[in-house]
Amino acid sequence: MQTISKELPKDLDQKRLPRHVAVIMDGNGRWAKRRGLPRIIGHRQGVDALKKLLRCCDDWGIEALTAYAFSTENWGRPHEEVDFLMALFERVLMRELQEMMEENVRIQFVGNLAVLPPSLQTQIDRSMNLTKENTGIQFTVATNYGGRQEILQATRAIATQVQQGHLKPEEIDEALFSRYLYTANVCDPDLLIRSSGEMRLSNFLLWQMAYAEIYITDVLWPDFGREQFHKALSDYQQRNRRFGKI
Ligand code: IPE
Ligand code: IPE
Ligand code: MG
68 MQTISKELPK
78 DLDQKRLPRH
88 VAVIMDGNGR
98 WAKRRGLPRI
108 IGHRQGVDAL
118 KKLLRCCDDW
128 GIEALTAYAF
138 STENWGRPHE
148 EVDFLMALFE
158 RVLMRELQEM
168 MEENVRIQFV
178 GNLAVLPPSL
188 QTQIDRSMNL
198 TKENTGIQFT
208 VATNYGGRQE
218 ILQATRAIAT
228 QVQQGHLKPE
238 EIDEALFSRY
248 LYTANVCDPD
258 LLIRSSGEMR
268 LSNFLLWQMA
278 YAEIYITDVL
288 WPDFGREQFH
298 KALSDYQQRN
308 RRFGKI
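Per our numbering, residue 68 is the first one in the sequence shown, and the count goes up by one each step.
Written out as structure tokens, the structure reads:
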């Protein structure tokens with residue numbers, strides 16, 4: 068078996084790595100189709116690619132990784148595919164939890180979790196509870212996540228606080244609003260990676276991505292590995308992040 072070096076590639080600058088990387092893992096279906104396989108095989112391969120990326124982020128000293136696993140719009144897919152994905156998430160969580168504990172990963176799920184299958188919710192709760200004291204990489208999985216839905220639920224919660232007299236409208240600023248989002252405990256993503264060439268956000272982290280650097284690769288998600296991640300980071304380190312200044 069080939070052993071993979073845990074070292075950060077020499078051409079990357081440790082001090083200028085993104086603190087938080089977000090990924091839109093797209094192209095599982097196309098990956099399978101190209102091989103004449105059912106789409107679900109692509110999803111299964113996609114899990115392996117995510118596992119590898121998580122380990123790579125951990126090895127290279129990235130603080131947080133957020134992966135888009137299922138959008139609020141993905142319910143519109145054939146129900147066989149949706150059912151497969153829900154069962155896959157549950158199986159993978161059960162299978163990987165022990166290893167995540169050993170690797171000190173802190174996992175959390177964001178999205179409207181209350182409508183997920185109850186057995187999946189049980190695994191989600193278990194994994195979040197078990198890993199919450201871990202001090203390694205913050206791994207966030209967006210499941211039944213929609214950026215607009217997230218902003219609406221934050222707005223409703225804030226409106227309730229105002230209605231009950233706990234908050235004044237003029238106290239609502241960016242910092243406060245951010246605390247009502249699912250991602251209150253992580254910094255905004257510095258780098259967004261989308262695989263399979265699509266140039267859109269697809270309702271992912273709309274608020275948090277205000278100043279993310281965007282990297283799009285034609286590589287399909289199941290083929291996304293260390294070399295592709297290395298390329299994305301090299302590209303990121305060439306960028307001049309101006310944040311509106313000159
Ligand atoms: C991304 O791959 C995985 C999910 C959305 C769950 P797709 O399933 O969207 O793959 P393509 O875009 O059809 O190739
Ligand atoms: C975005 O991919 C959602 C996930 C990766 C979970 P989609 O394949 O659903 O996005 P669109 O439909 O191409 O915008
Ligand atoms: Mg897609």
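Even glycine gets a Cβ: it sits at the ideal position worked out from N, Cα and C. Predicted model, so just to flag it, every value in this text is computed and none were measured.
DSSP beta-bridge partners of Y282:
I260
Would you list the residues sitting across from F137 in a DSSP beta bridge?
T210
Checking 8 angstroms against the spacing of the C-beta atoms, do A131 and I204 come in under that value?
yes
Looking at the unbroken beta strand (DSSP E) that takes in H87, where does it start and where does it end?
87–91
Between the CA atoms of G143 and A154 - distance to the nearest angstrom
17 angstroms
Rounded to a whole number of angstroms, what is the C-alpha to C-alpha distance between A136 and T284?
18 angstroms
Could you check whether the Cβ of G340 sits closer than 7 angstroms to any heavy atom belonging to ligand 3?
Summary: the structure shown does not reach residue 340, with the chain confined to residues 68 through 313, and so no result is reported for it.
Contact the region 169–177 vs the region 206–213: 3+ CB pairs below 8 angstroms:
yes
Please look up how many angstroms separate the CB atoms of A116 and F291, rounded, as I've assumed it's under 8 angstroms.
5 angstroms
Could you tell me the alpha carbon to alpha carbon distance between V149 and N196, rounded to whole angstroms?
26 angstroms
Quick check: what's the CA-CA separation for E163 versus K199?
15 angstroms
Quick one: complete alpha helix (DSSP H) runs, 4+ long, within the region 184–231?
185–198, 214–230
If you follow the beta strand (DSSP E) that F176 is part of, which residue opens it and which one closes it?
173–177
Alpha-carbon to alpha-carbon, Q112 and L248:
31 angstroms
What first and last residue would you give for the alpha helix (DSSP H) that runs through I107?
106–127
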